[in-house]
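Have a look at the structure below, then the notes.
In the working numbering, the protein residues as written are 145 to 725.
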């Protein structure tokens, strides 16, 4: 059965196509519009999903859409307004309190409808109206094909549970808001997910961090990770103001202000304390509350394994605290943890698939060698074509000789992390490499870079990795670093001694594994710096043309596209295709 999953939320719209429980394709709209976290109806993702899979609308046998009152129904009726609202929200900062921005904020986060968690009866009635809207978006879908709607947090929960591969697990979802909720606890067993507890969007960590992100001058719903980076430079104990969140066994409450008043209060705090201390304080509140909540429910249910999803779990330090809890036997973090992963979760919920461990994240667009060669020739940069083993050796030698290279290979990653197929790679022992990369890619100087390493080398470089090995394959957790990691690979260790490592396994990421194996044979270590292949503020590259343009703009030394290697000038090649400098 061919099933289409759709997320048309305000941020991170996307699609999934499955053949029963076999994933065929997954991607998000930002990769096609080239605007990070693109929301709205994912027209371009749909078009490319059909193209990449070779399917037609006549092949689709079911459609699953996430959300009832999220996104705001008015935006579903008028998608052009939703697009305008998205762009307005993206450009917003504390100095741009325009009329349209205020209307947008109300529509997205503060209108009464957004705080409704629909009852079963309300879902039934809403589905009648929403089906008519979706059918207008899908004019080529046969009229007899069913369209199902799945509650926002239910889709989050099912996505994480399905991909975890756990037979039984505690499932935790947390985000800004979705269908009136911001946090849920469920129990997953075999092919059922049973909700145990929920918390209103009025007690939202996601909305709190969204507003703090904006007050600090960053882009809300995108740059919250910068707060995590800053928190390591601060001291939470310097904040004397009261914690607005409280957790008392079965109840989470928030007693702080909302909206504009919340931003005014946060600005007041920013005038009293440094941004680093404020971020450390907020991070500490988040970690303490979420970990207390998880510990409570693990003890209450007797469960040992935890699966998490929702934008709050993009916070890799929080995920580290969770997998280090004594009560946790194993943690899985949904790789596309934000709303970008809802399309798969909606399918899993409707058809109640049995969990199966997600093998990799390479579910996106693929380009043939012919596509790649055409793009290279058109741009006019010097290139060579090599076989696979030559490519592996050449990449390893380039990194060993302190070159900064980009790799564009096979299918694009699904989710926010670059895991080897759309990556920039270099030697993590190089002095001043972080400053050099930040300058080349125009990135923030306080954001740490991440390492990739072979799974057999984890014990040498990571502490406490055992309970998050699967999550580590998707670079969704931090780990404590060993003294060897701190001494030899300073560029990928944050100021607090943690590292957001990608653990590379041969069975799930074979070509990247071979590259690291070749590099280890040369250098004695498999650890390399791995960062996403994009300029700052742009999505990860999707096409060969985007890869070539980013390569040219950034000044990287080499670009590897499948079996092709491209250089900035002919001087970088000799007759054997090896570098000369």
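For every residue, glycine included, the Cβ atom is placed at its ideal position computed from N, Cα and C.
What is the DSSP secondary structure of residue i, reduced to helix, strand or coil?
i           : result
residue 356 : helix
residue 238 : Caution is warranted here: a pLDDT of 41 is assigned to residue 238, below 50, making its placement in the model unreliable, and no coordinate value can be reported.
residue 447 : coil
residue 492 : helix
residue 392 : strand
residue 577 : helix
residue 528 : strand
residue 702 : strand
residue 210 : strand
residue 720 : Here the model assigns residue 720 a pLDDT of 43, short of 50, so the residue's position is not dependable and the matter cannot be decided.
residue 334 : coil
residue 398 : strand
residue 595 : strand
residue 285 : coil
residue 434 : helix
residue 145 : coil
residue 175 : helix
residue 643 : strand
residue 456 : helix
residue 99  : Past the boundaries of the shown model lies residue 99; the chain is included only from 145 to 725, so the question cannot be answered.
residue 222 : coil
residue 292 : strand
residue 711 : strand
residue 725 : Confidence in residue 725 is poor, its pLDDT being 42 and thus under 50, which makes the residue's placement unreliable; the coordinate value appears in the next sentence. Correct three-state label for residue 725: coil.
residue 695 : helix
Per DSSP, which residues does residue i bridge with? Please list them.
i           : result
residue 169 : 161
residue 570 : 673
residue 479 : The partner list for residue 479 (beta bridge, DSSP) is empty, contrary to what the question assumes.
residue 341 : 329
residue 151 : 158
residue 606 : 625
residue 557 : 506
residue 322 : 325
residue 349 : Answer by DSSP bridge pairing: none, since residue 349 is not bridged.
residue 317 : 328, 453
Under 8 Å by Cβ, that's how I've got residue i and residue j pegged, so tell me the actual separation to the nearest angstrom.
i           : j           : result
residue 552 : residue 575 : Not quite, the Cβ-Cβ distance comes to about 28 Å (not below 8 Å), so this is no contact.
residue 643 : residue 623 : 6 Å
residue 488 : residue 149 : 6 Å
residue 605 : residue 625 : 7 Å
residue 260 : residue 220 : With 8 Å as the limit, residue 260 and residue 220 do not qualify as a contact, their Cβ atoms being about 15 Å apart.
residue 657 : residue 499 : Not confirmed; about 25 Å, so no contact.
residue 475 : residue 372 : No, residue 475 and residue 372 are not in contact; Cβ-Cβ is about 17 Å, not under 8 Å.
residue 170 : residue 177 : Not a contact, Cβ separation roughly 17 Å.
residue 692 : residue 520 : 7 Å
residue 226 : residue 158 : That pair is no contact at about 15 Å.
residue 569 : residue 505 : Contact flag wrong, Cβ pair sits at about 17 Å.
residue 694 : residue 679 : 6 Å
Can you tell which of the options has the C-alpha that lies nearest to the C-alpha of residue i?
i           : options            : result
residue 763 : 712, 258, 472      : Nothing about residue 763 can be read from this structure; the chain reaches only from 145 to 725.
residue 443 : 473, 389, 430, 415 : 473
residue 163 : 180, 692, 194, 189 : 194
residue 547 : 378, 518, 672      : 672
residue 312 : 187, 582, 191, 332 : 332
residue 367 : 379, 354, 376      : 354
residue 379 : 393, 344, 425, 392 : 425
residue 117 : 431, 452, 372, 404 : The structure shown has nothing for residue 117, since the chain only spans 145 to 725.
residue 188 : 213, 216, 156      : 156
residue 268 : 320, 310, 213      : 213
residue 342 : 299, 394, 364      : 394
residue 416 : 439, 399, 382      : 382
residue 639 : 317, 376, 153      : 376
residue 556 : 686, 648, 310, 478 : 686
residue 410 : 392, 256, 386, 578 : 386
residue 542 : 217, 707, 663      : 663
residue 615 : 599, 218, 629      : 599
residue 646 : 659, 633, 621, 635 : 621
Kindly say whether residue i, judged by its beta-carbon, lies nearer than 8 Å to any beta-carbon of chain B.
i           : result
residue 221 : The structure shown contains no chain B, having only a single protein chain.
*asked:* Closer than 8 Å is the cut-off here; do at least three beta carbon pairs connect the region 329 to 346 with the region 480 to 497?
replied: yes
*Contact between the region 704 to 719 and the region 523 to 543 (3+ Cβ pairs under 8 Å)*: yes
_Across the region 206 to 218 and the region 292 to 301, are there enough close Cβ pairs to call them in contact, namely three or more that are closer than 8 Å?_
yes
_Segment contact flag, the region 462 to 482 with the region 426 to 446, C-beta cutoff 8 Å, min 3 pairs_ = yes
*Decide yes or no for the touch test of the region 585 to 600 against the region 438 to 458: beta carbon pairs closer than 8 Å, at least 3 of them.*
no
*Should the region 555 to 573 be regarded as contacting the region 661 to 676, the criterion being three or more beta carbon pairs within less than 8 Å?*
yes
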